[in-house]
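Undergrad: In the UniProt record's numbering, the protein residues as written are 1 to 283. All residues carry an ideal CB built from backbone N, CA and C; glycine is no exception. Nothing here was measured: the structure is a model prediction, and the numbers come from that model. Following this message is one structure expressed as structure tokens.
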């Protein structure tokens, strides 16, 4: 292997709550952020141990709401190695101003958190016209937009991809498809329907590496099917560390094992080149 491993989905939590006070989105803090908090220094140590060269660090909405201070401050300590992905309230009239302010502090991408560990998914904000100015600015600034949703939100994701074709959309956790039925993965058809939209990218995280070992699913039948549909150039690995349990090294090893059936070139795109395309600050 000659390429550098790049992770596009770790999180960091400060150990100084006075400097970075928690204010979780939806008013409920995630359990993982209290049980397994990882500072930026701890993340760097874990990356060194695992052999992960660079990372696009995703702001913890379930810890800090729309205050991206820790993710931008933490990543600023390691320029070229870490890039910050944050969140703003895209429904507010000042969303463009907030994006520009965070961009000036180093933000390299944005994320919409419509639900997850502390709340059921509500995709209504995704295609709310009040959010469109924020999307227009992302297109202008070249900021990719990660979306955290499930299958319920994929119609809205489709509409956004068509409305804003110049914004790279990164679907967290592959949009959480149902894959237990096994090949040809008919229950995941809503995911494969997105393949014709060239600005949609897929983030492969521990969730899918676990799901492809349940029921009739298998990694050597699912991942080649996804690559055939989307192309590895639109797929990237994200550890979800420390949200997902286990060491970063273990999480990476599980992903590498799960993608073993793919070609070396495809794996290079998924573990490195796609991430560097999405986040040029890391290149």
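1. So residue 252 packs on residue 202, CB below 8 Å; how close in whole Å?
2. Once you ignore the five residues that flank residue 8 on each side, which residues in its own chain have a CB closer than 6 Å to its CB?
3. With a threshold of 16 other CB atoms inside 10 Å of the CB of residue 193, please say whether the residue is buried or exposed.
4. Since residue 63 and residue 29 are thought to touch, with beta carbons under 8 Å apart, how far apart are those beta carbons, to the nearest angstrom?
5. Please report the Cβ distance between residue 126 and residue 99, rounded to the nearest whole angstrom; I am assuming they are in contact, meaning their Cβ atoms lie under 8 Å.
6. Taking only three categories from DSSP, how would you classify residue 164?
7. Can you give the Cα-Cα distance for residue 168 and residue 143, rounded to whole angstroms?
8. Mind checking whether residue 5 and residue 222 have CB atoms under 8 Å apart?
9. Spatial neighbours of residue 54 within its chain, please: CB distance less than 6 Å, with the 5 preceding and 5 following residues excluded, ordered by chain position.
10. Of all the options 241, 259, 211, which has the alpha carbon lying nearest to the alpha carbon of residue 227?
11. In its own chain, which residues sit with a C-beta less than 7 Å from the C-beta of residue 286, not counting the 5 before and 5 after it?
12. Between which two residues does the beta strand (DSSP E) harbouring residue 148 extend?
13. Have a look at the DSSP bridge pairing and note the partners of residue 44.
14. Could you have a look at residue 71 and say whether DSSP puts it in helix, strand or coil?
15. Tell me which residues share the same chain as residue 74 and place their Cβ nearer than 6 Å to its Cβ, disregarding the 5 neighbours each side in the sequence.
16. Anyone know if the C-beta pair for residue 96 and residue 133 falls short of 8 Å?
17. Looking only at its own chain, which residues have a Cβ that is under 6 Å from the Cβ of residue 50, when we skip the five neighbours before and after it?
18. Give a yes or no on whether the C-beta atoms belonging to residue 191 and residue 206 are separated by under 8 Å.
19. Give every residue of the same chain whose Cβ lies closer than 6 Å to the Cβ of residue 293, excluding the five residues on either side of it in the sequence, and list them in chain order.
20. Per DSSP, which residues does residue 214 bridge with? Please list them.
21. Measure from the alpha carbon of residue 47 to the alpha carbon of each residue in 10, 25, 186, then state which is nearest.
22. At which residues does the beta strand (DSSP E) containing residue 52 begin and terminate?
23. Going by DSSP, what residues sit across from residue 173 in a beta bridge?
24. Going by DSSP, what residues sit across from residue 237 in a beta bridge?
25. Tell me where the beta strand (DSSP E) around residue 186 begins and ends.
TA: Once the coordinates are examined:
1. Position 252 of the chain shown, counted from the start, is the residue given in the question as residue 252. Position 202 of the chain shown, counted from the start, is the residue given in the question as residue 202. That pair is no contact at about 18 Å.
2. Working through the chain shown from its first residue, we reach residue 8 at position 8. So the list reads 56, 236, 238, 275, once near-sequence residues are dropped.
3. Here the question's residue 193 lines up with position 193 in the chain shown. By the beta-carbon neighbour count (other beta carbons within 10 angstroms, threshold 16), residue 193 is exposed.
4. Translated into positions along the chain shown, residue 63 becomes position 63. Translated into positions along the chain shown, residue 29 becomes position 29. About 6 Å; that satisfies the 8 Å criterion.
5. The residue given as residue 126 occupies position 126 in the chain shown. The residue given as residue 99 occupies position 99 in the chain shown. Between residue 99 and residue 126 the Cβ distance is about 17 Å, and since that is not below 8 Å, they are no contact.
6. For the purposes of this step, residue 164 is taken as residue 164 along the chain shown, with counting starting at 1. In the structure shown, residue 164 sits in coil (DSSP, three-state: anything other than H, G, I, E or B).
7. For the purposes of this step, residue 168 is taken as the residue at position 168 of the chain shown. For the purposes of this step, residue 143 is taken as the residue at position 143 of the chain shown. Rounded to whole angstroms, residue 168 to residue 143 spans 7 Å at the Cα level.
8. The count along the chain shown starts at 1 and reaches residue 5 at position 5. The count along the chain shown starts at 1 and reaches residue 222 at position 222. Against a cut-off of 8 Å, the Cβ pair of residue 222 and residue 5 comes out as no contact.
9. As a working note, residue 54 is residue 54 in the chain shown. Counting only Cβ-Cβ distances below 6 Å, and skipping sequence neighbours, we find 6, 81, 282.
10. Numbered from its first residue, the chain shown carries residue 227 at position 227. Considering only alpha carbons, the answer is 259.
11. Residue coverage of the chain in this structure runs from 1 to 283, which leaves residue 286 outside it and unanswerable.
12. On the chain shown, residue 148 is found 148 positions in, with the first residue counted as 1. That run of the beta strand (DSSP E) goes 145-148.
13. Counting from one through the chain shown, the residue named residue 44 turns up at place 44. According to DSSP, residue 44 bridges with nothing at all.
14. The residue given as residue 71 occupies position 71 in the chain shown. In the structure shown, residue 71 sits in a helix (DSSP, three-state: H, G or I).
15. As a position in the chain shown, residue 74 is number 74, starting the count at 1. Within the same chain, residue 74 has close Cβ partners 12, 40.
16. Taking the chain shown and counting its residues from 1, one reaches residue 96 at position 96. Taking the chain shown and counting its residues from 1, one reaches residue 133 at position 133. Yes. Within cutoff.
17. Position 50 of the chain shown, counted from the start, is the residue given in the question as residue 50. The answer, listed in chain order, is 248, 249, 252.
18. Start at 1 with the first residue of the chain shown, and residue 191 comes out as number 191. Start at 1 with the first residue of the chain shown, and residue 206 comes out as number 206. Note that the C-beta distance between residue 191 and residue 206 is not below 8 Å.
19. Nothing can be reported for residue 293: it is not among the residues displayed for the chain, which extend from 1 to 283.
20. Translated into the one-based positions of the chain shown, residue 214 becomes position 214. In DSSP, residue 214 forms no bridge with anything.
21. On the chain shown, residue 47 is found 47 positions in, with the first residue counted as 1. Nearest to residue 47 by C-alpha distance, out of 10, 25, 186, is 10.
22. On the chain shown, residue 52 is found 52 positions in, with the first residue counted as 1. Its beta strand (DSSP E) spans residues 52-58.
23. Against the chain shown, residue 173 aligns to sequence position 173. Residue 173 pairs with nothing; no bridge assigned.
24. On the chain shown, position 237 is the one that residue 237 refers to. Residue 237 is bridged to 204.
25. What you label residue 186 is simply residue 186 of the chain shown in a count that begins at 1. No beta strand (DSSP E) holds residue 186; DSSP gives it neither H nor E.
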